[in-house]
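Heads up: the sequence shown begins at 12 in this note's numbering, then just goes up one per residue. For every residue, glycine included, the Cβ atom is placed at its ideal position computed from N, Cα and C. Here's the structure we're looking at; comments come further down.
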Amino acid sequence: MVKKVIKLIVALAILAFLCIFCTTGCSTDAQTVSYNLSKEADMFKIKRRITFINLRSDEYLFSITGCCSIQEDHEDNQLEVTCKVGDDKYQKHFLKETTEVTYIVEQLDYKEVSKYDYEIVFRPKAIVPITVKTETDGH
12 MVKKVIKLIV
22 ALAILAFLCI
32 FCTTGCSTDA
42 QTVSYNLSKE
52 ADMFKIKRRI
62 TFINLRSDEY
72 LFSITGCCSI
82 QEDHEDNQLE
92 VTCKVGDDKY
102 QKHFLKETTE
112 VTYIVEQLDY
122 KEVSKYDYEI
132 VFRPKAIVPI
142 TVKTETDGH
């Protein structure tokens, strides 16, 4: 059982490496930096301001500022904004997109990312914990 779990973890790490290598191997520097900035923002490490604007009146409706991750939900025609509001505290907002409302996302913090490097981040809660025990026959 333990060997299967270890093999699974190794396989997942190799798969993650291959996915990153394949998606960034032939990309431009700008694409790699853009990808890395998006990943940093999705890990709540970059401060953003998301502003919604009424296109008919040219007035802004509201804005959200903070370390926020954004995801477009094309099926429900909405923007999902998840913001970190404290240690292990998050809020999620659902914002309906219409033909009369648009939004702009601004990056408010400078973030240094590499155009060469990448990292694989394992969420500890997502990995099955294992205990490895060794046995000897007394010799």
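Check: Can you give the Cα-Cα distance for Gly77 and Val96, rounded to whole angstroms?
Finding: The residue labelled residue 77 in the question sits at position 66 within the sequence shown. The residue labelled residue 96 in the question sits at position 85 within the sequence shown. The C-alpha of Gly77 lies about 8 Å from the C-alpha of Val96.
Next item on the list: Let me know the beta strand (DSSP E) ranges lying completely inside the segment 72-125, each 3 residues or longer, listed in chain order.
Entry: Qualifying beta strand (DSSP E) stretches, in chain order: 89-97, 100-107, 112-118.
Check: Straight-line CA distance for Thr62 to Gln82?
Finding: Here residue 62 is taken as the residue at index 51 of the sequence shown, counted from 1. Here residue 82 is taken as the residue at index 71 of the sequence shown, counted from 1. Between Thr62 and Gln82, the alpha-carbon positions lie close to 15 Å from each other.
Margin query: Suppose you measure from the CA of Val92 to the CA of Lys103; what does that come to, to the nearest Å?
Written below: Taking the sequence shown and counting its residues from 1, the one referred to as residue 92 is at position 81. Taking the sequence shown and counting its residues from 1, the one referred to as residue 103 is at position 92. In a straight line, the C-alpha of Val92 is about 6 Å away from that of Lys103.
Next item on the list: Quick one: using the 10 Å Cβ neighbour count with 16 as the cut-off for buried, is Ile57 buried or exposed?
Entry: Residue 57 sits at position 46 when you count from the first residue of the sequence shown. Its Cβ being crowded by 16 or more others within 10 Å, Ile57 is buried.
Margin query: I need the DSSP call for Lys50, collapsed to helix, strand or coil.
Written below: On the sequence shown, residue 50 is found 39 positions in, with the first residue counted as 1. Taken through DSSP and simplified to helix, strand or coil, Lys50 comes out as helix.
Note to self: Between Leu72 and Lys122, how many whole angstroms is the CB-CB distance? I'm expecting something under 8 Å.
What the structure shows: Looking up residue 72 in the sequence shown gives position 61. Looking up residue 122 in the sequence shown gives position 111. With 8 Å as the limit, Leu72 and Lys122 do not qualify as a contact, their Cβ atoms being about 27 Å apart.
Checklist line | Cut-off 6 Å between Cβ atoms - residues of its own chain near Asp84, not counting five sequence neighbours on either side | finding: Here residue 84 is taken as the residue at index 73 of the sequence shown, counted from 1. Closer than 6 Å at Cβ, skipping near neighbours: Glu91.
Notebook entry, point to check: For the putative contact between Leu106 and Arg60, defined by C-beta atoms under 8 Å, what is the C-beta separation to the nearest angstrom?
Noted result: Against the sequence shown, residue 106 aligns to sequence position 95. Against the sequence shown, residue 60 aligns to sequence position 49. Leu106 to Arg60, Cβ: 14 Å. No contact.
Checklist line | Straight-line Cα distance separating Ile75 from Tyr114 | finding: Within the sequence shown, residue 114 is the residue found at index 103, counting from 1. Within the sequence shown, residue 75 is the residue found at index 64, counting from 1. In this structure, the alpha-carbon of Tyr114 lies about 11 Å from that of Ile75.
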